[in-house]
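*Asks:* Just so we're aligned, residue 35 is where the sequence shown starts under our numbering, counting upward by one.
Glycine residues also receive a C-beta, built at the ideal position from the N, C-alpha and C atoms.
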Amino acid sequence: MKIRVISGAICSALTLTLAACGGSTEPTPATPTPTPAAGDAAPADGTKVNLAVLGTTDIHTNIMSYDYYKTTEDKAIGFERTATLIDQARKENPNNLLLDDGDTIQGTSLGDYQALVSPVACGTKLAVYKAMSLMGYDAANIGNHEFNYGLPFLSQVTGTNMRIAGADNAKNCAGPGFPLVLSNALNKNDNQPIFKPYVILERSFTAADGKPVKLKVGVIGFTPTQITMWDKLHLDGKVVTQSAKAAADKYVPEMKKAGADIIIAVAHGGIDDKAYAADTENPVNYLSTVPGVTAIISGHSHSFFPDGSNYSNLKNIDNKKGLVNGIPTVMSGFWGKALGVIKLNLQYDAATKAWKTAPTSYSELKYINPADDKTGNTKVVPEGKPEIGKLIEAEHKATINYVNSPVGTSELRISSFFAQVGPTAAMRLINLAQIDYVKTFVKNNLPQYSNLPVLSAAAPFKVNFRGTGFTDIAAGPVAIKNVADLYLYPNTLQAVKITGADVKAWLEVSAKQFNQIDPNSTSDQLLISTFPSYNFDQIEGVTYEIDVTKPIGSRIVNLQLNGKPFDPAQEVIVATNNYRAGGGGGFPLSANQSIIVAQDANRDIIVDYIKAQKNLTQANQGAKPNWKFVTVVTKGNVLLNSSSDANALNVAKQDGITHLTKYKDGAVSFTNGQLVFGADATSAVYKVDLSYGSLN
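1) According to DSSP, simplified to helix, strand and coil, what is residue 593?
2) If you check the beta carbons only, do residue 720 and residue 695 fall under 8 Å apart?
3) Quick one: Cα of residue 336 to Cα of residue 353, how far?
4) Entirely within the segment 77 to 154 and at least 3 residues each: give me those beta strand (DSSP E) ranges in chain order.
5) Excluding sequence positions up to five away, which residues of its chain have a Cβ less than 7 Å from the Cβ of residue 408?
6) Just mark residue 655 as buried or exposed, buried being the case when its beta carbon has 16 or more other beta carbons within 10 Å.
7) How should residue 388 be labelled, buried or exposed, when 16 other C-beta atoms within 10 angstroms of its C-beta is the threshold for buried?
8) With a threshold of 6 Å on Cβ separation, who are the neighbours of residue 403 within its own chain once the five nearest residues in sequence on each side are excluded?
9) Below 8 Å on the Cβ atoms is my guess for residue 132 versus residue 98; work out the distance and round it to an integer in Å.
10) Once the 5 residues before and after residue 303 are set aside, which same chain residues still bring their CB inside 7 Å of it?
11) DSSP three-state label for residue 641, please.
12) Assuming the contact rule is C-beta atoms closer than 8 Å, residue 327 and residue 294 should be a hit. Round their C-beta distance to whole Å, please.
13) Straight-line CA distance for residue 323 to residue 252?
14) Any idea what DSSP makes of residue 331, helix, strand or coil?
15) Kindly indicate which three-state DSSP category residue 178 falls into: helix, strand or coil?
16) Given a cut-off of 8 Å, decide if residue 664 and residue 34 are closer than it, judged by their beta-carbon atoms.
17) Can you find at least 3 beta carbon pairs, one from the segment 447 to 456 and one from the segment 505 to 522, that sit closer than 8 Å?
18) Roughly how many whole angstroms lie between the Cα atoms of residue 62 and residue 212?
19) Looking only at its own chain, which residues have a Cβ that is under 7 Å from the Cβ of residue 154, when we skip the five neighbours before and after it?
20) Taking the DSSP output, what are the residues bridged to residue 220?
21) Quick one: grab the DSSP three-state call for residue 365.
22) To the nearest angstrom, report how far apart residue 120 and residue 378 are at their CA atoms.
23) Considering residue 346, what are the terminal residues of the alpha helix (DSSP H) in which it resides?
24) Please state the DSSP three-state secondary structure of residue 55.
25) Give the secondary structure of residue 604 by DSSP, where H, G and I count as helix, E and B as strand, and everything else as coil.
26) Alpha carbon to alpha carbon, what distance is there between residue 558 and residue 393?
27) With hydrogens ignored, establish whether the beta-carbon of residue 310 is closer than 7 Å to any heavy atom of the ligand GTP.
28) Given a threshold of 16 other Cβ atoms within 10 Å of its Cβ, counted over all protein chains shown, does residue 440 qualify as buried or as exposed?
29) Indicate the three-state DSSP secondary structure (helix, strand or coil) for residue 436 in the structure shown.
30) Could you tell me if residue 524 is buried or exposed, where buried requires 16 or more neighbouring beta carbons within 10 angstroms of its beta carbon?
31) Sorted by chain position, which residues of the same chain lie with C-beta nearer than 7 Å to residue 118's C-beta, five sequence neighbours on each side aside?
32) For residue 435 and residue 645, I'd like the C-alpha separation in whole angstroms.
33) Give the DSSP-derived three-state secondary structure of residue 260 in the structure shown.
34) So is residue 300 in contact with chain B if we call contact Cβ pairs under 8 Å?
35) Tell me the DSSP secondary structure of residue 549 in three-state form.
36) Using 8 Å for Cβ pairs, my map puts residue 595 next to residue 487. What's the rounded Cβ distance?
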C-alpha cells in the first residue's frame, strides 16, 4: 500500500512510501492507514470530517510494563498497554492519525543496553521503533533525550544523514519505519534542519455524509533549544537551535503554501505563561498563536493535559476541554501512562477554500492506570498488546540479564527516601566514586592541578519527582540495575575548575529546591518546591548550611573547605556531569570556569568504584554530615512527602537524619493557594524539625 508523504526542506514535494521516509523497508503495519481518495476535487461546501489525532510522548523506552530496576512487572507504565488503548481509540475513531512527541529512545536500561552495552547494528531496528512501527505511527518528533547517545548513534537508528561528520552515512541503516520531523535543530555549517522540519501526509478519511474526503495533514516538530547546552559534549560546534516559534513562523506558511489543509504541531515542550524568549523551553502557549496551527501535541514536562486541574492558574487555558488559546492541545504524561486524543471536528468552507475547526473540538486523555486519572473515568488497567512483547522478546530478556549482572555487595540499605532533607549514603556513593575517579585522572594526566581540592556534585534523581519513585537498594548484592536506578541518566563525567565563589553560587541554585519557610506561621508549610530534584546538587568535600527562611539566592551560609571559611578566590575541581558542566539547570558558573576532564559515563564510574571496593560499608560509604538546615524554631509544621515504606525512618536514622517524624499517610500538595492532603498508598507525610543541632 502506498502512502503519499510530502516532506519539507530536504525532500520537498516528493511522493514517497512511508517506509522510505523513515529510512526503512518495514512491511505494512497491522493496522493500516486508509488509502488516499482518487482525484483532487475540492469537497462540497460544509463537508464535515471528524478526525482523532492520537498522541504519545516521553515513552523513554518503557516498551514493556516492566521496571528494569526492580526487575518486576509494573502495570502503571508501558507502551504495550498504551498500544491496547491505541487499538481501542482506532475502533472508536475510524478517522485517525497516530503521532509521537519524542524522548523515545532513551530512559530505561533497555535503551542503554541497545545504545551503550550491545549497540544495535546498522541493519537492526531499535526495539522501541519496532514496537511503534507495528502500531503504524504516521510521524514522530525528536525530543531532547534523543541526543543523549550522540549524533552518530542517532543518525544510524533514525536512518538520517545529518550532513555532520560521523552522522552522515546512515542511508542504508534501519530507521523507525515512519517519518521523523524536527524543525528547530540545525546543522551549524549549512543552517538547515538536521531532520526533515515537517511532512505533509495525504490521507483519505470518511466524511460525516459517508463520502471519502482527502486531506493533506502537515506535521511539524520542535525540541527544546537547550539541547545544545544539555548535550553540549555531543552537539557543540555541530548543531545550533532556533526557537520553536521562530521555526513555526518560518515553516507553517511554507506548509500551507505546499497545500497542507491542517497542521499539527508536535512540540517537545510544555505549557506555561512565562514571557516569550528565544530559549523558551515550554513554547506551547506561543505555538498556539501561530496562524495555521490546527492542534498541538505536547510533552517534555511529564505532565498531563487536560486533566481538570493541571495549569488551571494559567490564562487562556481550558484544562477540561484541552484548549490553549482555543487550539486543541494534549499532553499524555510519560512512560506510556496515557494516550492523548484530540477530537477535531472539521468543516470545509468553500468561500475560503479552507478547513475550519469547529468550536466542538476538544482533547482528552485515556489512561492505563486508574491511579493517574483524576477524572475517575479509568476503571481497569488494560492488558498489554501481546504482539509487542513477542516482537521485542529477545531485547527484553537480554536487558534483564544485563541489569542483573553483579558488581559488589553492600552492608547498608542505600535509599533516596530523604535525600532532600539531609546527607544520605545514596548521594555519597555517587560523589565518592566521582572524586576517586577525578583524583586518579588528575594524578595520572594533569599533575599541574594536583594541588587543587577535588569536590563532587550529585543530585537525587529519584525522590518521587513527577512520579519517578525512589531509589532503594537493599543490603546485600549490588547489581547493574541498582546503579542504573541510582544514576538514571547516561551522562558522562566532566570535571570543572572553578572558584569558591562559583561553588557558593552553585549551591544557591540547588537551594531553590525549598520553599521559603515562615518560622512565625502557625499553618502547615510544604518544604519542597517545584524545583526539579535532579537539579538539587549536593556537593561533597565542603560543609555548608541552608537557611530556608531566606529568599532564593541568599540561603547558603557557613560554607567551609577543610574546616575553614571557603575563600571565594580559592580554585577547586568539581566532578559533575556533562549536563551540569554545560550549564544545564541554569547554574551560573563563572566565565573563567574550564572543563579539565571529560571522560567516561558517570554510571560506569560508579560501577567500577563498587567493583574496586567489593563491599560497601557504613564506615566507608555511609552518609557523613556535610550539610544541614540552619537551626530555626517554627511555630507550625514543616512538611515533606516521602515513601510510606514501613522502615523508611530506620533508613533515615542509618543516614544520620533524625529530625523527622511521621505526620500522616498519603500526600500533601500545594493546590490553588492552599495545602491539600490526599490519599496515596505509596506516600506518607513527614514533619521536618528545623531546630536540630549543628554540623560541629
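*Replies:* Reading from the atomic positions:
1) strand
2) yes
3) 16 Å
4) 82 to 90, 130 to 134
5) 341, 342, 343
6) buried
7) exposed
8) These residues qualify, in order along the chain: 110, 415.
9) No, residue 132 and residue 98 are not in contact; Cβ-Cβ is about 20 Å, not under 8 Å.
10) 256, 258, 278, 315, 316, 317, 318, 332, 334
11) helix
12) Contact doesn't hold; Cβ gap of about 11 Å is too wide.
13) 17 Å
14) strand
15) helix
16) Given a span of 35 to 730 for the chain in the structure shown, any question on residue 34 remains unanswerable.
17) yes
18) Because residue 62 carries a pLDDT of 30, less than 50, the predicted location of this residue cannot be relied on, and the following value inherits that uncertainty. Approximately 11 Å between the Cα atoms of the pair.
19) For residue 154, where only same-chain residues beyond five positions count, the Cβ hits under 7 Å are 148, 160, 191.
20) 227, 274
21) Taken through DSSP and simplified to helix, strand or coil, residue 365 comes out as strand.
22) 17 Å
23) Per DSSP, residue 346 belongs to no alpha helix (DSSP H) and is neither H nor E.
24) Its pLDDT being 34, under 50, residue 55 is placed unreliably by the model, and the measurement read from it follows with that caveat. Reduced to three states, the DSSP call for residue 55 is helix.
25) coil
26) 43 Å
27) This structure does not include the ligand GTP; it has no bound ligands of any sort.
28) Exposed.
29) Residue 436 falls in the helix class under three-state DSSP.
30) In the assembly as shown, residue 524 is a buried residue. Its beta-carbon has 16 or more other beta-carbons within 10 Å.
31) 416, 417, 418, 419
32) So the alpha carbons of these two residues sit roughly 18 Å apart.
33) coil
34) Protein chains in the displayed structure number just one, and chain B is not present.
35) Three-state DSSP puts residue 549 in coil, outside helix and strand.
36) 6 Å
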